[in-house]
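**Student:** Here it is, the structure in full.
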């Protein structure tokens with residue numbers, strides 16, 4: 248009993264092309280992500296100026312980093328978890344405003360506790376940006 252297998256010819260399928268609007272949305276989110284991450288790099292780059300201007304110890308510089316990292320890194324999964332279940336279009340602009348207020352505040356503070364508050368605001372802005380930007384990219 249001989250059976251011959253017939254070759255299966257598959258039609259060459261091309262992946263669907265993304266619309267120009269979708270590409271613009273993804274491009275805008277990518278650019279905003281770049282800007283957000285560049286802003287996050289400002290904080291460590293001004294440590295020498297903060298140390299000299301406010302006569303901070305290395306422990307205090309470490310506390311600034313800790314405050315930023317806790318709010319930026321540890322809050323991010325919780326923000327993502329919450330916003331996945333309760334989408335709100337205001338989360339992304341509110342996060343960006345937190346970053347803006349933190350950066351402006353950092354330029355005008357006069358005490359160490361206010362430096363920590365400014366670092367926390369920058370971190371909160373970052374923690375809200377990343378989950379929301381990935382959600383927008385996924386929806387696009």
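Numbering (this note's numbering), first residue to last: 248 to 387. Here a beta-carbon is modelled for each residue, glycine too, at the ideal position from N, C-alpha and C.
1) Where do the ends of the alpha helix (DSSP H) carrying residue 302 lie?
2) Could you spell out where the alpha helix (DSSP H) holding residue 265 opens and where it closes?
3) Restricting to Cα atoms, I'd like to know which of 384, 368, 359, 386 is closest to residue 309.
4) Looking at C-alpha atoms only, which residue of 348, 361, 277 is the closest neighbour of residue 369?
5) Assuming contact is defined by CB atoms lying nearer than 7 angstroms, are residue 327 and residue 345 in contact in what I supplied?
6) In this structure, does DSSP put residue 358 in helix, strand or coil?
7) Which value, in whole angstroms, describes the spacing of the CA atoms of residue 414 and residue 293?
8) Do you know how far the Cα of residue 329 is from the Cα of residue 365?
9) Shortest alpha-carbon distance to residue 378 belongs to which of 351, 340, 367?
**Tutor:** In short:
1) On the chain shown, residue 302 is found 55 positions in, with the first residue counted as 1. Unbroken run through residue 302: none, as it is neither H nor E.
2) Counted from its first residue, the chain shown places residue 265 at position 18. That residue, residue 265, is in no alpha helix (DSSP H); it is neither H nor E in DSSP.
3) Mapped onto the chain shown, residue 309 falls at position 62. Comparing Cα-Cα distances from residue 309 to each of 384, 368, 359, 386, the minimum goes to 359.
4) Taking the first residue of the chain shown as position 1, residue 369 is located at position 122. Ranking 348, 361, 277 by Cα distance to residue 369 puts 348 first.
5) If you number the chain shown from 1, residue 327 lands on position 80. If you number the chain shown from 1, residue 345 lands on position 98. Not in contact: residue 327 and residue 345 (Cβ atoms no closer than 7 angstroms).
6) Counting from one through the chain shown, the residue named residue 358 turns up at place 111. Reduced to three states, the DSSP call for residue 358 is coil.
7) Residue coverage of the chain in this structure runs from 248 to 387, which leaves residue 414 outside it and unanswerable.
8) Taking the first residue of the chain shown as position 1, residue 365 is located at position 118. Taking the first residue of the chain shown as position 1, residue 329 is located at position 82. If you take the alpha carbons of residue 365 and residue 329, they lie about 24 angstroms apart.
9) Here residue 378 refers to the residue found at position 131 of the chain shown. With distances taken between Cα atoms, residue 378 lies closest to 340.
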